[in-house]
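Note sheet for the following structure.
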Amino acid sequence: MRRMTTLVPAIPCQAREWVSLAFILLIILFLSGCKTSKKVGTVASGSAKAHDEFFEAMEEHSFQFNTMTARLNAELKTAKNNMSSRVDLKMVRDSAFQLSVQPFLGIEVFRAEFTVDSIKVVDRMNKRYVAERYADLKGQTPIEFNFYNLQALFTNHIFLPGKQEIDPKQYKRFKLNQEGSTAEIKVKDTMGLLYTFFADGEEKLLSTYITDPSEQYALQWDYSDFRVAEGQPFPMLMDVQVLANGSSQGGIAFRFSRIQTNVPVNLDFSIPAKYKRITFAQIIKSISNSQQ
233 MRRMTTLVPA
243 IPCQAREWVS
253 LAFILLIILF
263 LSGCKTSKKV
273 GTVASGSAKA
283 HDEFFEAMEE
293 HSFQFNTMTA
303 RLNAELKTAK
313 NNMSSRVDLK
323 MVRDSAFQLS
333 VQPFLGIEVF
343 RAEFTVDSIK
353 VVDRMNKRYV
363 AERYADLKGQ
373 TPIEFNFYNL
383 QALFTNHIFL
393 PGKQEIDPKQ
403 YKRFKLNQEG
413 STAEIKVKDT
423 MGLLYTFFAD
433 GEEKLLSTYI
443 TDPSEQYALQ
453 WDYSDFRVAE
463 GQPFPMLMDV
473 QVLANGSSQG
483 GIAFRFSRIQ
493 TNVPVNLDFS
503 IPAKYKRITF
513 AQIIKSISNS
523 QQ
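Counting from 233, one number per residue, gives the positions in the sequence shown under my numbering.
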């Protein structure tokens, strides 16, 4: 690995702990120059569409891109503290995406890269890194995702659990209810996790709700403040909540700006030779101990 020197300002111990906690929670969720854009409202459901017609419209209206970059403000929300940080997002569709966390004067302190089969995280404050395959992380988080599911969550797409894309022949796997003001879509994966999606009358995805078979753990990912970005509606606000037994355990709100699509993207991920490799489980244990 190529050696690289990074200058990081001195940060008080308590602040270091909270920055680490914020980033770990971000990963577990599987894990300013902003110009004014035209706001797009949500529309109540009108007349019901045929089953396949509904999903064809939803796919047609979904956000289209080959590459994507964006500036985010991520606000960590817990029962005791709130903390915000700038995050830069770079994505190559169906290949990889990176999140660069820069809470102090635009200086990167964390970088995470998600690929189709693995995750890498560099912690510049503590000079350590993680490189793990998703297959090796099973059982370490209450809800598991593959790369394509996580990509869909960040780009406001409905998805079929564990699949790269939805084939029209697979529309029948979804249960569709169009009786209320929003359409409700449900599907289960092979492990029994229940995925519930809500869409408005223009087939814009408003929310994704995922719960385990026991309904003990859940993830709620809400989309709002739709605006025209690169000629397409996109939710500039994503509110993510982790739930246990129906109660919020904390969450992160993502406020998007500076969205660009189909531009050249460089996904460099150099790790300094002196950085120590640790496991994802070690990071979670370290953060848990620091909060006791």
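All C-beta atoms in this analysis are idealised placements derived from N, C-alpha and C, irrespective of residue type, glycine included.
Note that the structure is a prediction, hence the values are computed from the model and not measured.
Burial of lysine 436 is indicated by the presence of at least 16 other C-beta atoms within 10 angstroms of its C-beta.
CA-CA distance, phenylalanine 336 to asparagine 313, rounds to 18 Å. The C-beta of methionine 290 has 16 or more other C-beta atoms within 10 Å across all chains shown, which makes the residue buried.
Ranking Val497, Gln473, Thr511 by CA distance to the CA of threonine 301 puts Val497 first. With a cutoff of 7 Å on beta-carbon distance, isoleucine 503 and valine 354 are scored as near each other. Inter-segment contact for the segment 401-412 and the segment 477-484 is absent: fewer than three beta-carbon pairs are separated by less than 8 Å.
DSSP, read as helix, strand or coil, puts isoleucine 515 in helix. Beta bridge pairing from DSSP links leucine 451 with Ile442, Val474. Around the beta carbon of glutamine 383, a 10 Å sphere encloses 16 or more other beta carbons of the protein chains shown; the residue is thus reported as buried. Within the segment 392-436, the beta strand (DSSP E) runs of at least 3 residues that lie entirely inside it are, in chain order, 407-409, 415-420, 426-431. The shortest CA-to-CA distance from alanine 280 to any of Ala415, Lys506, Val324, Glu307 is the one to Ala415. Taken in chain order, no unbroken stretch of alpha helix (DSSP H) lies wholly in the segment 306-339 with a span of 4 residues or more.
In the three-state reduction of the DSSP assignment, methionine 300 falls in the strand class.
Note that the C-beta distance between glutamate 364 and phenylalanine 512 is below 7 Å. Inter-residue distance for alanine 505 and arginine 360 is about 10 Å (C-alpha atoms, whole angstroms). In the displayed model, tyrosine 361 falls within a strand according to three-state DSSP. Nearest C-alpha to methionine 323 among Gln514, Val495, Glu434, Lys508: Val495.
Beta-bridge pairing by DSSP links glutamate 285 to no other residue.
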